[in-house]
Amino acid sequence: MIDMLAGSVLFFNMYDPSHRAHLPAEVVTASLLGTHSSSVTTALAVQDSTQLESLEPIEASIIEAQARCILEDLPVNAFKINHLLTIEMIEEVASILADYNQIPTVLVLSKYLSDFISRRGDFVPNEKLHEVYLDFLAPHTNVVILDLNYLSTWLSEEYQINTGADLLALLIELGVESCFILNEKMDNNTIQHTIYHSSGERDQFVQPLHISTPAEFADMIGTAVSCFLAQEVPLFEACRMAISFTNKQLEHLIQIGMGRPFPNRLAFYEIALSVDDEDDDDDEYDIEDDEDENNNAYRA
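Counting in UniProt numbering, the sequence shown runs from 1 upward without gaps.
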């Protein structure tokens, strides 16, 4: 008997050899969430658990060929995109998204790592990000995910993007259906995450400050959201469950190397087992619990 998986995601991302984040770490997340994963590596990182040394972008023609090989062979129910580093790379991926515009696309706007990129090739300098990255990709994107801790990367006087509100307005104008904005610090010792829809509606989630959100937080959220969307989960529920799922991994860090602790990408599985064994229905990060006090959600 051949079993069918609930969904499949094609990840475009850089390769982290320490397996802390990005590829191949997000493959583990996809497996935990019952989603098949395939991937296109956009850059090879030279790094350990302490720091990133350099990034070597993959040739755009190789990225295009690999993506189309997968798409012509495997069913893909969602795209998740991060760390496109050259103009040609962005153009090729945008062309693929246009050809497969029926597939939901999640685009992560994370900290741009221009200081680490090999100077060979036509990499995208910071001042070209808005002209190339946003103009080419946003029209084909369903959901943009942005961590406000790295908003400054995406501001531009030339393009009159001086605030987060300016960037949000531009993304909606370019055709993005929803923007999931993370890590807005509130006055009551909480963090707020908000989905802004092109319709003008908002969905908001609140969590306490004591849950740390590292640099890869937006990427982790984007991975989980894309997995849920691949399973045809509505966006509000996909984002709510992604926050809860990711927070479990961040509350249970593991020390592997000499650098920062790693998110425990098996924490969801481990906690689920302990909850089942103890018959405890009050797990405060249960992704099925709508009343989770650390992931309060409301709509505006």
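We put the beta carbon where it would ideally sit given N, CA and C, even for glycine.
Which first and last residues belong to the beta strand (DSSP E) in which E56 is found? 52–57
If you draw a straight line from the alpha carbon of L84 to that of N13, how long is it in whole angstroms? 7 Å
Where S199 sits in the DSSP three-state scheme: Coil, per DSSP.
Cβ-based neighbour list, I96, same chain, cut-off 6 Å, excluding 5 preceding and 5 following: A67
Could you tell me the boundaries of the beta strand (DSSP E) in which L23 lies? Looking at the DSSP string, L23 is not in any beta strand (DSSP E); the run it does join, the alpha helix (DSSP H), is 22–32.
Check Q249 in the structure and name its three-state DSSP category. The answer is helix: DSSP assigns Q249 an H, G or I state.
Distance check for L170 and S199, CA to CA, integer angstroms please. C-alpha separation (whole angstroms): 14 Å.
I'd like to know if the segment 74–81 and the segment 48–55 are in contact, where contact means that at least 3 CB-CB pairs between them fall below 8 Å. no
Following the continuous alpha helix (DSSP H) through D166, name the residue where it begins and the one where it ends. 164–174
For D219, does the count of other Cβ atoms within 10 angstroms reach 16, so buried, or fall short, so exposed? buried
Would you tell me roughly how many angstroms separate the C-alpha atoms of residue 302 and N126, rounded to the nearest one? Residue 302 cannot be examined here, being either before or after the span of the chain that is shown, 1 to 300.
Own chain, CB closer than 8 Å to G257, minus 5 neighbours either side, in chain order: S18, D48, S49, T50
State the Cα-Cα distance for the pair I62 and Y15, rounded to the nearest angstrom. Cα to Cα, the separation comes out at about 15 Å.
Is the distance from the Cβ of F180 to the Cβ of I211 below 8 Å? no
Helix, strand or coil: which one does DSSP assign to E177? coil
So what does DSSP say about M14, is it helix, strand or coil? The three-state reading of DSSP puts M14 in strand, counting E and B together.
Give the single residue among F268, I195, R260, K248 whose Cα lies nearest to the Cα of A238. I195
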